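Engineer:
Here it is in structure tokens:
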């Protein structure tokens with residue numbers, strides 16, 4: 002019993018009552034020679050079983066009610082003084098250092114953001130470079146062609162990156178005819194000079210721009226290339242002149258490192 006009383010010593014009873022308006026009678030008051038004497042009452046005895054465990058409502062009279070609520074008095078409010086700066090512990094201190102502290106915070110966050118962006122850029126660059134082709138694969142993607150093996154007026158086909166590559170040795174008549182074509186009449190307008198580095202050599206990928214068929218060289222209505230799949234006609238500059246193909250034949254990247262040698266890729 003004493004242990005339970007010790008545990009409940011930190012509990013304070015708070016009561017709110019609503020009376021019925023009746024005046025209580027005072028018992029045990031007596032007058033002796035003009036003085037009021039109140040007789041001592043019995044000493045109250047409290048037991049653990051008699052203490053309230055929940056909200057208790059005491060009814061007195063017809064409409065009077067009393068409510069008792071228990072509240073803890075041993076709860077400590079958290080103190081964060083150990084985490085606060087010395088200059089801001091005093092409640093009446095001026096807020097003079099707010100701008101300096103905010104600037105330091107912004108500088109710290111900005112530096113962290115820049116560092117994160119740099120690390121992310123490095124990771125992305127490493128990942129993308131790992132997916133690119135290696136040096137030996139890039140070396141195989143180039144092809145060297147000796148132009149002396151291609152006679153004038155003929156077109157030869159080579160395999161480059163799994164696609165047919167057309168190299169045409171054009172005659173002077175073909176060069177003059179292609180340069181005189183009105184660009185406004187073409188479906189995919191392009192001058193002949195934009196498609197060749199040297200007028201006598203035409204280098205295009207031999208894949209029809211309609212559905213990917215392989216055209217036939219030295220055929221068609223314009224003497225260039227003809228696609229037998231759906232009837233697309235290309236001239237000697239690889240430009241679409243007739244048929245369903247929407248674009249000209251693709252011109253790959255190539256260069257002439259020296260006379261008589263062509264490198265594609």
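Residue numbers (our numbering): 2 to 266.
We put the CB at the ideal spot given by N, CA and C, even for glycine.
All values derive from a computational prediction rather than experimental measurement.
Following the continuous alpha helix (DSSP H) through residue 115, name the residue where it begins and the one where it ends.
Structural biologist: Its alpha helix (DSSP H) spans residues 99 to 132.
Engineer: Spell out a yes or no on whether the stretch 115 to 128 and the stretch 141 to 151 are touching, meaning 3 or more CB-CB pairs, one atom from each, closer than 8 Å.
Structural biologist: Touching, no, given that fewer than three Cβ pairs across the two stretches are closer than 8 Å.
Engineer: Can you look up residue 218 in the DSSP assignment and give me helix, strand or coil?
Structural biologist: Residue state, collapsed to three classes: strand.
Engineer: Taking only three categories from DSSP, how would you classify residue 186?
Structural biologist: Residue state, collapsed to three classes: helix.
Engineer: Using 8 Å as the cut-off, can you tell me whether the stretch 206 to 214 makes contact with the stretch 227 to 237, which would need three or more C-beta pairs spanning the two stretches below that distance?
Structural biologist: Short answer: they touch.
Engineer: Could you give the residue range of the alpha helix (DSSP H) that holds residue 175?
Structural biologist: Note, residue 175: alpha helix (DSSP H), 173 to 180.
Engineer: Would you call residue 130 buried or exposed, if buried means 16 or more other Cβ atoms sit within 10 Å of its Cβ?
Structural biologist: Burial call: exposed.
Engineer: So, with DSSP's three-state summary, where would you put residue 156?
Structural biologist: Here residue 156 sits in strand by DSSP.
Engineer: List the DSSP bridge partners of residue 233.
Structural biologist: Per DSSP, 228.
Engineer: Kindly indicate the opening and closing residues of the beta strand (DSSP E) around residue 92.
Structural biologist: Neither: residue 92 is in no beta strand (DSSP E) and is coded neither H nor E.
Engineer: Whether or not the stretch 234 to 249 and the stretch 181 to 195 are in contact is what I'm after, with contact meaning three or more pairs of Cβ atoms, one per stretch, closer than 8 Å; do they touch?
Structural biologist: In short, these stretches touch, since the Cβ pair count reaches three.
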